[in-house]
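S.K.: Please find one structure pasted underneath; my questions will follow.
2 protein chains.
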Amino acid sequence: MPTPLRLGIAGLGTVGTGVVKIVQRHADLLESRCGRRVDIIAVSARTRDKDRGVRLGDYEWEDDPVALARRDDIDVFLELIGGSEGSAKAAVEAALESGKDVVTANKALLALHGQALAETAEANGKVIRFEAAVAGGIPVIKSLTESLAGNEIKRVIGVMNGTCNYILTRMQDASLPYEDVFDEALKLGFLEADPTLDVGGIDAGHKLALLASIAFGTQVNFADMEIEGIEQIRIEDIEQAADMGYRIKLLGVAQLTARGLEQRMSPCLVPATSPLGLLDGATNMVVLEGDSVGTISLRGAGAGEGPTASAVMGDVADLARGFRLPTFGQPAESLRAEQPASSATPAPFYLRMTLRDRPGALAKIATALGEAGISIDRMRQYSHSASDAPVLIVTHKAQRRDLSLAIEGMKATGVLVGDPVAIRIEDL
Amino acid sequence: MPTPLRLGIAGLGTVGTGVVKIVQRHADLLESRCGRRVDIIAVSARTRDKDRGVRLGDYEWEDDPVALARRDDIDVFLELIGGSEGSAKAAVEAALESGKDVVTANKALLALHGQALAETAEANGKVIRFEAAVAGGIPVIKSLTESLAGNEIKRVIGVMNGTCNYILTRMQDASLPYEDVFDEALKLGFLEADPTLDVGGIDAGHKLALLASIAFGTQVNFADMEIEGIEQIRIEDIEQAADMGYRIKLLGVAQLTARGLEQRMSPCLVPATSPLGLLDGATNMVVLEGDSVGTISLRGAGAGEGPTASAVMGDVADLARGFRLPTFGQPAESLRAEQPASSATPAPFYLRMTLRDRPGALAKIATALGEAGISIDRMRQYSHSASDAPVLIVTHKAQRRDLSLAIEGMKATGVLVGDPVAIRIEDL
C-alpha cells in the first residue's frame with residue numbers, strides 16, 4: 474500500500490480553494506492516476522472565519538504559513554499566497570529548508586528570487602514546481618522542460634496577461650477609448666490591486682522571465698527585461714493597425730541571440746489572421762519554437778480558479794508520481810548568467826504622431842528619421858479639419874535605439890503635438 | 474557519475490534518422506537537462522547499405538529488430554518501424570519481455586494491440602511511451618496524462634491527419650476538385666503507401682482511440698469507432714460550407730456520455746473563425762476540455778522528421794529522468810472496457826443532393842425527412858440550367874441514425890440523382 478502524498482496549503486483565495494475543491498472532488502481519480510492518495514493535511518490563510526464554499530474542517534489549521542511550511546506531517550507545501558516578498562517568500566524558504574517540495578503559482582516570487590530559491594531547493598534535495606505561475610492552465614512549463622527536452626529552443630513568444638488582452642480586444646470590438654475599458658475591467662475585478670502590474674506589462678514580464686530561463690538554460694533575469702505597458706495605446710492605434718491588417722497585442726518575446734539574451738514585453742502589431750492576432754478576450758497563448766519541433770502554439774485560459782488550480786494539481790500529480798526535476802529544468806548551478814542583449818532584433822515600427830499643420834512639417838519629420846538612419850516604408854497624413862494633422866508612418870526594419878534617436882530629433886523640430894507613439898511590428 | 478541511458482533504435486526511416494540526428498547534435502544539451510548522457514548503442518533497419526545522411530558507424534548493427542530489442546546493453550528500445558503487425562509488434566513484445574522500456578511512434582500498433590501491450594509492459598515492470606504516435610511534436614499525450622491529471626476530461630477533439638487537412642484546405646484555396654488535390658498530395662509524398670489510411674480517416678482514428686483511452690481511463694477500442702473519410706467531399710460542399718461561415722475538417726471527437734463512449738472520426742463543418750476552422754495546411758490541432766482547466770488547444774506540425782523525432786526525444790528524456798507512468802496513464806488492469814455509445818450526440822447536419830427537376834420532387838424529400846423525425850432549419854434549391862437541381866438542406870439537431878433512415882426514405886422516392894452527402898455540423 475503506497476503512502477499518500479500529504480499537502481499543506483497556504484493561501485485560500487481563488488486558487489487555494491480551487492485546489493481544495495479538486496482534491497475533494499477527484500480523490501479517486503487522482504488515486505487511480507497517481508497510484509497513491511493525495512491528502513490535504515493542513516491549511517493556512519489570513520482569516521479563519523470566512524465562508525469559502527469548501528469544507529475545511531477535516532484539515533489542521535495554521536495561522537502562520539511559515540509554521541505550516543515547517544510541519545513534519547506534510548510532504549508538499551503549496552504556496553498560494555502571492556507576492557514576491559513577505560510571508561510567501563519566508564514560507565517557501567522554510568518549506569525547502571525543512572525538507573518539503575514546493576508547488577507555487579507565484580510568478581513574482583520566482584521572477585525576482587528564482588535563482589536563490591532554486592539553489593535552496595537543490596541544497597535541500599527538494600524541488601519547486603510552478604506551472605500555475607505562467608499562463609494558467611496551459612501546460613507551457615511542462616512542454617518546454619519535458620516535451621521539448623530534445624530541442625534547442627529558438628524563441629518563446631506569448632500573450633500572457635489576459636487582462637491586457639481583454640482591454641485591447643474590447644477597445645477594438647466596442648470602439649471604446651482605453652480609459653473606458655480600463656474602468657470596465659476594474660469594475661469586473663480583472664485588474665490586480667496594483668493595476669500597473671497588469672497594464673504596465675510587469676505581470677506578463679515575470680512570466681516571460683521564467684520561460685526564458687527554462688528555454689535557454691539561463692538564470693532568471695527580470696531586472697534586465699525591456700518592458701512597456703499598454704497605457705499608451707489609443708483607439709486610433711488599434712483602428713489604424715486593423716486597417717493595415719494587424720492587431721495590437723501585449724507580446725512577450727524571448728530569444729538567445731549573438732548579442733545576448735533578448736527579453737521584451739511590449740505592445741506589438743501582429744498579423745490579424747495569425748493565431749496570436751486572432752486571440753480574443755482574456756485568453757492566453759504561448760508559442761514555442763524549437764529546432765526540431767518547429768512551432769507549437771498552446772492556447773487556453775490564463776487565469777481563474779479552475780485553470781490555475783488545474784495547473785497546481787498537475788504539479789502535485791507529478792510529485793505524487795515521483796517525477797522530480799530541477800526548478801528551471803536543469804541544476805541551478807548550471808544556469809548561465811547570460812548578458813542581456815545589447816539591442817533587440819530589428820523590426821519595422823508603426824509610428825503615430827500629430828503634426829502642427831504648417832508648411833514643411835512633414836518634411837522635417839522625414840528628415841529626422843533619415844538622419845537616424847531609419848527609412849520609411851509607408852506614410853499617410855490623414856485629412857483633418859483641425860489645425861493639427863494626424864500622421865502615420867511605417868518604417869522599414871530599424872533598431873529600437875535608432876528609433877528613439879529619431880524620435881528625439883522629431884521632437885526637436887517643434888512641429889509635433891505631444892509625443893509620438895511607436896509600436897513594434899512582429900510579422901510572425 | 475550517473476550511468477548513461479542506452480538506446481537501441483529499430484527503424485531508420487524519416488523518424489529514426491531524425492532521432493539519431495538529435496542525439497548527436499544535442500548530446501550536451503540532453504545531458505545537462507536529463508542529468509545523464511543519452512547514448513545510442515545499436516540500430517537496426519531493413520537495409521544496411523544506404524546513405525541516410527547520418528553517421529551510424531559508432532553503433533552496433535542488428536539486421537533483426539527482435540535481436541536488437543533483446544540486447545542486454547540497451548535500456549530503452551525505440552520502435553520506429555511502423556505497422557500494426559509483423560516485426561514492429563514482435564520487437565516491442567521482445568523488448569518488454571526482456572526488460573526494456575519502449576518508446577514508439579506507432580499509432581496503429583497501439584490502437585490495435587494497446588491493451589495487451591500495456592499489460593505485457595506492466596507484467597515486466599516496464600513502460601511504453603508514445604507521444605510521437607499522436608499529432609507529431611504536439612505534447613498532447615503528456616498534457617492529458619500529466620498536466621490535466623486533476624481534471625475529469627469532458628471531451629477530446631482533434632484534427633490529427635495533416636494530409637487530409639492539406640487536401641481540404643488546398644481544395645478550398647485553389648478551387649480544385651478532390652481528385653486533383655489527391656493526385657497532388659500523392660506526388661508530394663504526403664500520402665501513406667495505402668492512401669486509405671489517410672483519406673479514409675483510419676490513421677486519425679488510431680490517434681483518437683489512443684487519446685480516448687488516456688482521457689477516460691478506458692481500454693483502447695479502435696474497432697468500435699465510427700469512421701468516415703473525406704473521399705466524399707466535393708468542392709461544392711467546401712464552397713457551400715464557406716458560404717454559411719463554415720470550414721470542412723476531418724474531425725475526431727471522443728467523449729464519455731451516459732450512452733457510453735462516443736468516438737467518431739468524420740468530416741464536420743466547423744465555424745470558419747474558430748481555432749479549428751482556421752487550421753490550414755498540414756497543421757494539427759488537438760482541443761482538450763477538462764472540468765477545471767476549461768478548453769485548451771494545442772497546435773503544431775503533426776508529422777515530419779523534426780516534429781516526430783522531437784516527440785520521441787521528449788519520451789526518451791522522461792525515461793532518462795526516471796519518469797515512469799503506465800502506458801495509458803493508469804494501470805492497464807484498471808482501464809474499463811467501456812461500451813461504445815449507442816448513438817452519437819445529436820447535431821445539425823448539412824445535406825447536399827441533386828434532384829431530378831420534376832414537380833413535387835422537393836416536397837418528397839421534405840416528407841422523407843419529416844417521416845424520420847428530422848426537421849429542416851434551412852433549405853436552398855440553386856438555380857440551374859441542366860435538368861437536375863442541386864439542393865442544400867441544413868437540419869435541426871438530429872441523430873445520425875435517424876438521418877440515415879431519412880436518407881433511405883429519400884432514395885426510395887426516386888427523385889434523387891446519386892446519393893446525398895451528409896456532413897455533421899459541430900458548433901464548437
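Read top to bottom, the protein sequences are chains A and B.
With the first sequence counted from 1, adding 473 to any position gets you the numbering used here.
With the second sequence counted from 1, adding 473 to any position gets you the numbering used here.
Ideal Cβ placement from N, Cα and C applies to all residues, glycine included.
Keep in mind the model is a prediction, meaning the values are calculated, not measured.
With 8 Å as the threshold, decide whether the Cβ of A/GLU625 is near any Cβ in chain B.
M.R.: Yes, its Cβ sits closer than 8 Å to a Cβ of chain B.
S.K.: Tell me which residues share the same chain as A/PRO475 and place their Cβ nearer than 7 Å to its Cβ, disregarding the 5 neighbours each side in the sequence.
M.R.: Here the set comprises GLY508 and ARG509.
S.K.: In its own chain, which residues sit with a C-beta less than 7 Å from the C-beta of B/ARG506, not counting the 5 before and 5 after it?
M.R.: Cβ within range, chain order: ALA790.
S.K.: Quick one: using the 10 Å Cβ neighbour count with 16 as the cut-off for buried, is A/ARG737 buried or exposed?
M.R.: Buried, because 16 or more other Cβ atoms sit within 10 Å of the Cβ of A/ARG737.
S.K.: Taking the alpha-carbon of A/GLU595 as reference, which of A/LEU808, A/LYS870, A/SER747 and A/VAL890 has the nearest alpha-carbon?
M.R.: Taking only the C-alpha atoms, the option nearest A/GLU595 is A/LEU808.
S.K.: Considering only residues of the region 604 to 681 of chain A, which uninterrupted beta strand (DSSP E) runs meet the minimum length of 3 residues and lie entirely inside it, listed in chain order?
M.R.: Taking only runs of at least 3 residues, the beta strand (DSSP E) segments lying wholly in the region 604 to 681 of chain A are 626 to 632.
S.K.: On the DSSP letters alone, give me the boundaries of the alpha helix (DSSP H) that B/MET698 sits inside.
M.R.: It is not in any alpha helix (DSSP H) - B/MET698 carries neither H nor E in the DSSP assignment.
S.K.: In the DSSP assignment, find the unbroken beta strand (DSSP E) run with B/MET786 in it and report its ends.
M.R.: Careful: B/MET786 lies outside any beta strand (DSSP E), inside the alpha helix (DSSP H) at 778 to 793.
S.K.: Express the C-alpha separation of A/GLU652 and B/GLY787 in angstroms, rounding to a whole number.
M.R.: So the two alpha carbons sit approximately 46 Å from each other.
S.K.: Report the neighbours of A/LYS444 on chain B: residues whose CB is nearer than 9 Å to its CB, in chain order.
M.R.: Only positions 474 to 901 of chain A appear in this structure, which leaves residue 444 of chain A out of reach.
S.K.: Can you give me the C-alpha to C-alpha distance between B/GLY846 and B/ASP875, rounded to a whole angstrom?
M.R.: The straight-line gap from Cα to Cα measures roughly 7 Å.
S.K.: Show which residues of chain A have a CB atom less than 7 Å away from the CB atom of B/PHE796.
M.R.: Chain A residues near B/PHE796: PHE796.
S.K.: Just to check my reading of the structure: B/GLY745 and B/GLU735 have Cβ atoms closer than 8 Å, yes? What is that Cβ distance to the nearest angstrom?
M.R.: Sequence inspection shows Ala at residue 745 of chain B; the Gly mentioned does not correspond to that position. 25 Å between Cβ atoms; not a contact.
S.K.: Once the 5 residues before and after A/THR680 are set aside, which same chain residues still bring their CB inside 6 Å of it?
M.R.: According to the sequence provided, residue 680 of chain A is Lys. The question's Thr does not apply to it. Cβ within range, chain order: LYS580, VAL607 and MET633.
S.K.: Considering Cα atoms alone, identify which of A/LEU729, A/ARG732, A/SER816 and A/LEU723 is closest to A/MET758.
M.R.: Comparing Cα positions, the closest option is A/LEU723.
S.K.: Work out the CA separation of B/ASP512 and B/PRO813 for me, nearest whole Å.
M.R.: B/PRO813 and B/ASP512: Cα-Cα distance of roughly 43 Å.
S.K.: Which of the three DSSP states is assigned to B/LEU761 in this structure?
M.R.: Three-state result, B/LEU761: strand.
S.K.: Strictly under 8 Å for the Cβ-Cβ distance: is B/HIS499 near chain A by that measure?
M.R.: Chain A, which has a Cβ nearer than 8 Å to the Cβ of B/HIS499, makes this yes.
S.K.: Just to confirm my understanding: we take A/ALA688, look at its own chain, exclude 5 residues before and 5 after, and list those with CB closer than 7 Å. What are they?
M.R.: The answer, listed in chain order, is LEU617, ILE626, VAL629 and ALA727.
S.K.: Kindly say whether A/VAL527, judged by its beta-carbon, lies nearer than 8 Å to any beta-carbon of chain B.
M.R.: No, A/VAL527 does not count as interfacial toward chain B.
S.K.: Output needed for B/LEU659: all residues of its chain with C-beta closer than 8 Å, excluding positions within five of it in sequence on either side, in chain order.
M.R.: The residues are PRO668.
S.K.: Considering A/GLU829, what are the terminal residues of the beta strand (DSSP E) in which it resides?
M.R.: Contrary to the premise, residue 829 of chain A reads as Arg rather than Glu in this sequence. Where A/ARG829 is concerned, the enclosing beta strand (DSSP E) stretches over 822 to 829.
S.K.: What is the DSSP secondary structure of B/GLU899, reduced to helix, strand or coil?
M.R.: Of the three classes helix, strand and coil, the one that applies to B/GLU899 here is coil, per DSSP.
S.K.: Taking only beta-carbon positions, decide if B/THR476 is within less than 8 Å of chain A.
M.R.: Chain A, which has no Cβ nearer than 8 Å to the Cβ of B/THR476, makes this no.
S.K.: Give me the Cα-Cα distance between A/PRO621 and A/THR487, rounded to the nearest whole angstrom.
M.R.: The question names Pro, yet the displayed sequence has Leu at residue 621 of chain A. Roughly 31 Å between the two C-alpha positions.
S.K.: With A/PRO740 and A/ILE703 assumed to form a contact (beta carbons below 8 Å), what rounded beta-carbon distance in angstroms separates them?
M.R.: With 8 Å as the limit, A/PRO740 and A/ILE703 qualify as a contact, their Cβ atoms being about 5 Å apart.
S.K.: Would you say B/ARG506 lies against chain A (beta-carbon separation less than 8 Å)?
M.R.: Yes, its Cβ sits closer than 8 Å to a Cβ of chain A.
S.K.: Contact check, B/ALA567 vs B/ALA542 under 8 Å by CB: the rounded distance?
M.R.: Going by Cβ atoms, the distance from B/ALA567 to B/ALA542 rounds to 4 Å, so yes, they are a contact pair.
S.K.: Name the residues in the region 806 to 818 of chain A whose C-beta lies less than 9 Å from a C-beta of chain B; which are they?
M.R.: Cβ contacts with chain B come from SER807.
S.K.: Along the alpha helix (DSSP H) that carries A/PRO863, what are the first and last residues, could you check?
M.R.: Segment 861 to 868 is the beta strand (DSSP E) holding A/PRO863; no alpha helix (DSSP H) there.
S.K.: Please specify which runs of the alpha helix (DSSP H), each continuous and at least 4 residues long, are wholly inside the region 544 to 575 of chain B, giving them in chain order.
M.R.: Runs of the alpha helix (DSSP H) inside the region 544 to 575 of chain B: 559 to 570.
S.K.: Please list the residues of the region 737 to 753 of chain B that have a C-beta atom closer than 8 Å to any C-beta atom in chain A, keeping them in chain order.
M.R.: Those residues of the region 737 to 753 of chain B that come within reach of chain A (Cβ to Cβ, closer than 8 Å) are THR746, PRO748 and LEU751.
S.K.: Please name the residue, chosen from B/HIS499, B/GLU881, B/VAL600 and B/GLU844, that lies closest to B/LEU569 on a Cα-to-Cα basis.
M.R.: Closest by alpha carbon: B/VAL600.
S.K.: Is it true that the CB of B/LEU828 sits closer than 8 Å to the CB of B/VAL864?
M.R.: Against a cut-off of 8 Å, the Cβ pair of B/LEU828 and B/VAL864 comes out as a contact.
S.K.: Candidates B/LEU878, B/TRP534 and B/THR642: which alpha carbon is nearest B/GLY750's?
M.R.: Nearest C-alpha to B/GLY750: B/THR642.
S.K.: Against chain B, which members of the region 682 to 693 of chain A pass a CB distance test of less than 9 Å?
M.R.: The region 682 to 693 of chain A vs chain B, Cβ under 9 Å: GLY690.
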